[in-house]
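Input: a single structure, listed below in structure tokens.
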DNA sequence: AGCCCGGCCTACAACGTTGTACGAGCGCCT
DNA sequence: AGGCGCTCGTACAACGTTGTAGGCCGGGCT
């Protein structure tokens, strides 16, 4: 054994990485035996195993992912497609998806659709085949509609709300119930004129429609169906749009003492605009956000928000996706192929929770809630 | 031509996708000719090209990414490794990286290191070879130190601040200057006791050290070197830690009329704690954040913040990475190999800008700045 | 002694693509 | 008419891995 043979795995980039054939030559066995050692196949004698392992360590051999993928027909990579990874909600979702994927030994490729139909179609059509094993897609409404007709060339699970096609797997929360729950919370706090801030009805952001419906239903149930002026519409889920919509509403002399917002970012913009108009959010106007992103707990006043169980969404979405991938693998024959292929159009509804904070304090408190010491839940 | 041959590319998942050999058979040419058509090689007769293209369209052929990658020795995928993609700063960074990568026809694999040394080492050591062409890494300090010694098996560019090894490419902002600039801004607004809120000195988050130094230097230059009590230390960059550190400082009767924070999230927690203690952020205590993430413009008061040019970081980081990838490709010989390989230890410093908002208003204004109408920049 | 069987290892052939080298056909020039 | 060069297309061999089928060898059985 030479000294050179003992140098650590880290080698200059001029030395090409070791392959199976290199290890095989050094250990004096066939490449298949090395492969068997690497993959912990039992059919290798203990002595041989030790010798091969030594060669592997000496050469710093690492399996080459691409060769392996080509042979196995799997990449171990799934794609996560969201409109914009910089949006806090999608970033937090991605965090959970990446973590859940890592637990399963999968890698996550992030795609940004910019809520563009064309981009989403391209992803679903899987222009380059085989790059990813499956796709986790947060679709805009129109694409979701299409998906029923279009056959996906790659396993697919949808994330989010809206009118979804019946034959594609999907995981999300029950947003209508959540919106109704948030609305009832505001009513029970003595709020009487509750506005809804979100995407325009029938717009590209279907999420808003479902939440808006839950809000309208809850108000109708309470005997106070909302007037048209209580719908505050935005074109995108940004602080600027939230503030602008509230500014418009204040200008048009619409009256409200609470706002249910379709996202925390919108809520933040709304609270800012209220303050700018001399109204104290949480006292004069209650505000409820959606998503419960990290900053919601630390605004002033802190933001009441609907918190979807993102971990469960990631977990169930990934589980379904992996099941579909396994089932669609043409190489592996289904062991018990009796069951009629459960992989079409499953719906998983995960939990949500209304996290109550200062921004939705009961009407007319003794002191402005955002100044009450110890007010943090 | 049968009817079936005209059916669109979207096929059932039971039909295996078309390969080059299928197209070749249908067009009556060799697979290499099909390959030449797909890759737009000029050596194909126009007539043949048309015939092959027809066969491609009829079969809905898409190149198989893995086979291609194996042959070419490239995957077209780069990894972006950040401590936590859910943190707004890293999410926004990722957004720019993904966008810049898409422009270059590259895909981005997101890895979360959880600021763990072990995870970062694993990524740099490239356990599986060949999966990604290169790595964009936002390291914790200790790993960065190691990188000089450890030979990376994959092209590598570092993002961020701190004591970085001299022989690895790096892109970031001049945080010391930015901190000094922010400090001078506070001084010029009449602030006298300026605290710094960030990671503990010498801690794992090297970013804090550089910013802290710039702050301390600026104060020293102004003849007011900061006392030890002006260092507010956190263990992680969360709203909770920011609030707790400020609470501690208020309790210990440290005096300050301004806080320079190492991140916007910390600043948000700090502002909340100030408000809870009855102090109005932006009036009684000025607050400056860092990163200028999306929510900074919409808090109340809106947050003055140091905005690094994330787009430039993504752009330059990716450019360097692609250059290194190209240079380290063993198959392609350097055309003019005269220059001595520029791919080691380059430093790129991108611009930053102090975005002044309400939270750093001048001391003792006539009215609380957060109530001034039209106060939004 | 001959046979079978199980343990251990190897040869071969894919997975789908593309660079290299060469060959067939054709027109043009001498 | 024969040789030359050009255009277009093909055969082959990789890239690195792993499933399948089969081979060799020793021990236990008849």
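Chains as they are written, first to last, in the numbering used here: chain C, 5 to 381; chain Y, 5 to 381. Just so it is clear, CB atoms sit at the ideal spot from N, CA and C, and this is done for glycine as well. Being a predicted model, the structure only gives us computed values, none of them experimental.
Legend entry - Residues bridged to residue 116 of chain C [DSSP beta-bridge criterion]: What you label residue 116 of chain C is simply residue 112 of the first chain in a count that begins at 1. Beta-bridge partners assigned by DSSP to residue 116 of chain C: C:86.
Inset, instruction - Identify the continuous beta strand (DSSP E) that holds residue 202 of chain C and give its terminal residues. - result: Locating residue 202 of chain C in the first chain gives position 198, counting from the first residue. Start and end: 198 to 203.
Inset, instruction - Have a look at residue 36 of chain C and residue 136 of chain Y and give me their C-alpha separation to the nearest angstrom. - result: One-based indexing of the first chain puts residue 36 of chain C at position 32. One-based indexing of the second chain puts residue 136 of chain Y at position 132. Answer to the nearest angstrom: the Cα atoms are 25 Å apart.
Inset, instruction - Note the first and the last residue of the continuous alpha helix (DSSP H) segment covering residue 235 of chain C. - result: The count along the first chain starts at 1 and reaches residue 235 of chain C at position 231. Residue range 235 to 238 is occupied by the beta strand (DSSP E) that includes residue 235 of chain C, with no alpha helix (DSSP H) assigned at that position.
Inset, instruction - Just tell me which of Y:106, Y:273, Y:206 and Y:112 has its CA closest to the CA of residue 144 of chain Y. - result: Here the question's residue 144 of chain Y lines up with position 140 in the second chain. Nearest option by C-alpha distance: Y:206.
Legend entry - Backbone CA spacing between residue 253 of chain C and residue 213 of chain C [nearest angstrom]: Position 249 of the first chain, counted from the start, is the residue given in the question as residue 253 of chain C. Position 209 of the first chain, counted from the start, is the residue given in the question as residue 213 of chain C. Taking the straight line joining both Cα atoms gives about 19 Å.
Inset, instruction - Please determine if the segment 79 to 91 of chain Y and the segment 115 to 131 of chain Y are in contact, where contact requires at least 3 C-beta pairs separated by less than 8 Å. - result: Touching, per the Cβ criterion.
Inset, instruction - Following the continuous beta strand (DSSP E) through residue 308 of chain C, name the residue where it begins and the one where it ends. - result: Working through the first chain from its first residue, we reach residue 308 of chain C at position 304. Counting along the chain, residue 308 of chain C sits inside the beta strand (DSSP E) bounded by residues 308 to 312.
Legend entry - residue 352 of chain Y versus residue 193 of chain C: straight-line alpha-carbon distance, rounded: Looking up residue 352 of chain Y in the second chain gives position 348. Looking up residue 193 of chain C in the first chain gives position 189. Looking at the two C-alpha atoms, the distance is approximately 55 Å.
Inset, instruction - Report buried or exposed for residue 224 of chain C, applying the criterion of at least 16 other Cβ atoms within 10 angstroms of its Cβ. - result: The sequence position of residue 224 of chain C within the first chain is 220, counting from 1. With fewer than 16 other Cβ atoms inside 10 Å of its own Cβ, residue 224 of chain C counts as exposed.
Legend entry - Helix, strand or coil at residue 290 of chain Y [DSSP, three-state]: If you number the second chain from 1, residue 290 of chain Y lands on position 286. Look at residue 290 of chain Y here: in three-state DSSP terms it is strand.
Legend entry - CB of residue 273 of chain Y within 8 Å of CB of residue 244 of chain Y, strictly: In the second chain, the residue the question calls residue 273 of chain Y occupies position 269. In the second chain, the residue the question calls residue 244 of chain Y occupies position 240. Yes, these two residues count as a Cβ contact at 8 Å.
Inset, instruction - With 8 Å as the threshold, decide whether the Cβ of residue 71 of chain Y is near any Cβ in chain C. - result: Translated into the one-based positions of the second chain, residue 71 of chain Y becomes position 67. It does: the Cβ of residue 71 of chain Y has a partner Cβ on chain C nearer than 8 Å.
Inset, instruction - Give me the Cα-Cα distance between residue 208 of chain Y and residue 210 of chain C, rounded to the nearest whole angstrom. - result: Along the second chain, one-based indexing puts residue 208 of chain Y at 204. Along the first chain, one-based indexing puts residue 210 of chain C at 206. Spanning the two alpha carbons is a distance of roughly 43 Å.
Legend entry - Nearest to residue 365 of chain C (by Cα), restricted to the options C:169, C:186, C:38 and C:124: Taking the first residue of the first chain as 1, we reach residue 365 of chain C at position 361. Residue 365 of chain C has its Cα closest to that of C:186, out of C:169, C:186, C:38 and C:124.
Legend entry - residue 304 of chain Y: contacting residues in chain C (beta-carbon distance under 7 Å): The residue given as residue 304 of chain Y occupies position 300 in the second chain. Result: 275, 276, 279 and 304.
Legend entry - Bridge-paired residues (DSSP) for residue 225 of chain C: Taking the first residue of the first chain as position 1, residue 225 of chain C is located at position 221. Residue pairing by DSSP places residue 225 of chain C opposite no residue, since no beta bridge is assigned to it.
Legend entry - Cutoff 8 Å; reference residue 124 of chain C; Cβ partners in own chain excluding five residues on either side: In the first chain, the residue the question calls residue 124 of chain C occupies position 120. Non-local C-beta neighbours of residue 124 of chain C in its own chain, meaning closer than 8 Å and more than five positions away in sequence, comprise 85, 117, 141, 143, 144 and 147, ordered along the chain.
Inset, instruction - Using a cut-off of 8 Å between C-beta atoms, extract the partners of residue 1 of chain C located in chain Y. - result: A query on residue 1 of chain C cannot be resolved here, the shown segment of chain C reaching from 5 to 381 and no further.
Inset, instruction - Please classify residue 49 of chain C: is it buried, with 16 or more other beta-carbons within 10 angstroms of its beta-carbon, or exposed? - result: Here residue 49 of chain C corresponds to residue number 45 of the first chain, with the count starting at 1. Exposed, by the Cβ-count rule.
Inset, instruction - Could you say which of C:271, C:182 and C:127 lies nearest to residue 162 of chain C if we only look at CA atoms? - result: Position 158 of the first chain holds residue 162 of chain C. Of the candidates C:271, C:182 and C:127, C:127 places its Cα closest to the Cα of residue 162 of chain C.
Legend entry - Residue span of the beta strand (DSSP E) that contains residue 351 of chain Y, given as start and end: Position 347 of the second chain, counting from 1, holds the residue named residue 351 of chain Y. Looking at the DSSP string, the run of the beta strand (DSSP E) that includes residue 351 of chain Y is 351 to 354.
Legend entry - Three CB pairs or more closer than 8 Å across the segment 70 to 78 of chain C and the segment 72 to 86 of chain Y: Flag = yes, the segment 70 to 78 of chain C and the segment 72 to 86 of chain Y touch.
Inset, instruction - Please classify residue 61 of chain C: does DSSP put it in a helix, a strand, or coil? - result: Taking the first residue of the first chain as position 1, residue 61 of chain C is located at position 57. The three-state secondary structure of residue 61 of chain C, taken from DSSP, is helix.
Legend entry - Spatial distance of residue 227 of chain C from residue 180 of chain C (CA atoms): Residue numbering aside, residue 227 of chain C sits at position 223 when the first chain is read from its first letter. Residue numbering aside, residue 180 of chain C sits at position 176 when the first chain is read from its first letter. C-alpha separation (whole angstroms): 18 Å.
Inset, instruction - Determine the burial state of residue 275 of chain C: buried for a count of at least 16 other Cβ atoms within 10 Å of its Cβ, exposed for fewer. - result: What you label residue 275 of chain C is simply residue 271 of the first chain in a count that begins at 1. With 16 or more Cβ atoms within 10 Å of its Cβ, residue 275 of chain C is classed as buried.
Inset, instruction - Identify the contact partners of residue 68 of chain C in chain Y, using a Cβ-Cβ distance below 7 Å as the criterion. - result: In the first chain, residue 68 of chain C corresponds to position 64, counting from 1. Neighbours of residue 68 of chain C on chain Y, chain order: 133 and 134.
Legend entry - Start and end residues, alpha helix (DSSP H) containing residue 405 of chain Y: Within the shown structure, residues of chain Y are numbered from 5 to 381, placing residue 405 of chain Y beyond reach of any answer.
Inset, instruction - Could you give the DSSP three-state label for residue 46 of chain C: helix, strand or coil? - result: Taking the first chain and counting its residues from 1, the one referred to as residue 46 of chain C is at position 42. DSSP places residue 46 of chain C in coil when its eight states are reduced to three.
Inset, instruction - Would you check if there are 3 or more beta carbon pairs closer than 8 Å linking the segment 281 to 298 of chain C to the segment 259 to 272 of chain C? - result: As far as the Cβ criterion goes, the segment 281 to 298 of chain C touches the segment 259 to 272 of chain C, which means the pair count is three or higher.
Inset, instruction - Check residue 357 of chain C in the structure and name its three-state DSSP category. - result: Within the first chain, the letter at position 353 stands for residue 357 of chain C. In this structure, residue 357 of chain C counts as strand in the three-state DSSP scheme.
Legend entry - DSSP-derived helix/strand/coil call for residue 150 of chain Y: On the second chain, residue 150 of chain Y is found 146 positions in, with the first residue counted as 1. Correct three-state label for residue 150 of chain Y: helix.
Inset, instruction - Sort out for me which residues DSSP pairs residue 162 of chain Y with in a bridge. - result: Stepping through the second chain from its first residue, residue 162 of chain Y is reached at position 158. Per DSSP, Y:141 and Y:174.
Inset, instruction - Starting from the Cα of residue 176 of chain Y, find the closest Cα among Y:170, Y:164 and Y:332 and give me that residue. - result: Mapped onto the second chain, residue 176 of chain Y falls at position 172. Ranking Y:170, Y:164 and Y:332 by Cα distance to residue 176 of chain Y puts Y:164 first.
Legend entry - Cβ of residue 88 of chain C within 8 Å of any chain Y Cβ: Within the first chain, numbered from 1, the residue matching residue 88 of chain C stands at position 84. Chain Y contact via Cβ: present.
Legend entry - chain C contact for residue 107 of chain Y (CB, 8 Å cutoff): Within the second chain, numbered from 1, the residue matching residue 107 of chain Y stands at position 103. Taking a beta-carbon distance threshold of 8 Å, residue 107 of chain Y does not count as an interface residue toward chain C.
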